[in-house]
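Undergrad:
In the working numbering, the protein residues as written are 34 to 345.
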């Protein structure tokens with residue numbers, strides 16, 4: 034009898050010890066921040082952004098991983114640079130990262146930070162999104178469709194059969210997203226992300242440019258413009274496939290994505306259908322140089338000049 038009691042006490046002690054160490058290990062993991070490049074006093078990692086921040090962050094992610102912490106001055110910023118990491122942020126923990134950081138730029142340009150694109154996550158944002166999607170954008174989409182049907186022989190039904198046109202648009206958005214670094218998110222509570230502890234209030238930047246050029250997803254020719262890769266692929270940019278997120282994904286996906294998609298297809302289809310295009314007689318260097326320039330959105334450093342003529 035005494036032997037049984039001793040064995041029970043011994044087993045209980047071992048079990049409690051194992052639980053204790055498991056909790057300690059989990060706690061240490063939860064307190065481990067993502068890797069971070071060395072930083073300087075006062076400016077943090079600002080000196081590492083360079084002229085093209087999306088390219089610099091992509092280069093750093095190859096060394097420090099798809100989740101890394103940079104400090105922009107005193108502000109810690111979580112940089113997300115892979116398909117899997119973006120899925121974790123925008124789908125698995127979508128609610129946690131649904132808010133936006135407050136910014137003087139947003140306040141000046143976006144109606145004191147109350148615009149639906151930059152407003153903090155909450156009841157006000159939910160009401161604004163409902164109004165935007167259900168009322169404002171639906172009328173504008175209908176207007177575009179109606180006008181295009183009256184003025185052009187290209188109809189919405191025609192667009193459904195233009196597979197290569199859609200592939201060209203997808204490939205352009207993959208390689209050259211207008212916002213290579215998406216509108217930043219902010220965590221509303223502490224969360225464990227891939228065994229890293231992310232404190233509440235952390236600013237999150239998603240590098241759509243790096244995700245669109247990830248070789249593990251797009252192959253060794255990820256840097257090449259090849260629309261054919263989309264012809265037999267179901268990957269789309271409407272927020273369900275994290276391989277292609279020029280408009281974002283999750284709760285804070287761009288509310289005008291449907292309007293923008295229809296507009297892009299109609300405009301491009303009509304430009305090609307109604308007009309013949311040729312390049313002016315200039316040097317090949319100017320014609321083929323697609324170097325980027327930083328502005329409100331990414332655009333060509335050297336404008337593309339083309340001469341249009343009527344097809345009739």
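The C-beta atom is built at its ideal place from N, Cα and C for all residues, glycine as well.
1. Ignore the nearest five residues each way along the sequence and tell me which others in residue 82's own chain have a CB closer than 6 Å to its CB.
2. Do residue 65 and residue 230 have their C-beta atoms within less than 9 Å of each other?
3. I think residue 93 touches residue 102, with their Cβ atoms under 8 Å apart; what is that distance to the nearest whole Å?
4. Just list the alpha helix (DSSP H) runs in the region 222-283, keeping only unbroken ones of 4 residues or longer that don't cross its boundaries, in chain order.
5. Please return the same chain residues whose Cβ sits closer than 7 Å to the Cβ of residue 153, not counting the five positions on each side in sequence.
6. At the level of alpha carbons, what is the spacing between residue 234 and residue 222?
7. List the DSSP bridge partners of residue 104.
8. From the DSSP output, which residues share a beta bridge with residue 311?
9. What residue range is occupied by the uninterrupted alpha helix (DSSP H) comprising residue 77?
10. From this set, 330, 68, 127, which residue's C-alpha is nearest residue 212's C-alpha?
11. For residue 141 versus residue 149, is the C-beta spacing smaller than 9 Å?
12. Look at the alpha carbon of residue 114 and the alpha carbon of residue 342, and state the distance between them as a whole number of angstroms.
13. Note down the Cα distance separating residue 210 from residue 74, rounded to an integer number of angstroms.
14. Just verifying my parser: in three-state terms, what is the DSSP assignment at residue 352?
15. Going along the chain, which residues of its own chain have a beta-carbon closer than 6 Å to the beta-carbon of residue 220, five neighbours each way excluded?
16. Do you know how far the Cα of residue 314 is from the Cα of residue 151?
17. Which stretch, first to last residue, makes up the alpha helix (DSSP H) that contains residue 135?
18. So is residue 328 buried or exposed if we call it buried at 16+ other beta carbons inside 10 Å?
19. Got a sec, what are the start and stop residues for the alpha helix (DSSP H) residue 118 sits in?
20. Enumerate in chain order the residues of its own chain whose CB-to-CB distance from residue 277 is below 6 Å, with the five nearest sequence positions on each side excluded.
21. Report the partner residues of residue 162 according to the DSSP bridge assignment.
TA: Reading from the atomic positions:
1. 89
2. yes
3. Actually they are not in contact, since the Cβ atoms of residue 93 and residue 102 sit about 11 Å apart, beyond 8 Å.
4. 241-244, 248-251
5. 132, 133
6. 7 Å
7. 109
8. 340
9. Note, residue 77: premise wrong, no alpha helix (DSSP H); not H, not E.
10. 330
11. no
12. 43 Å
13. 33 Å
14. This structure cannot settle anything about residue 352, because the visible part of the chain is limited to 34 through 345.
15. 129, 130, 231, 233, 235
16. 45 Å
17. Residue 135 -> no alpha helix (DSSP H), and no H or E assigned at all.
18. exposed
19. 116-120
20. 207, 268, 270
21. Note: residue 162 sits in no beta bridge, so no partner.
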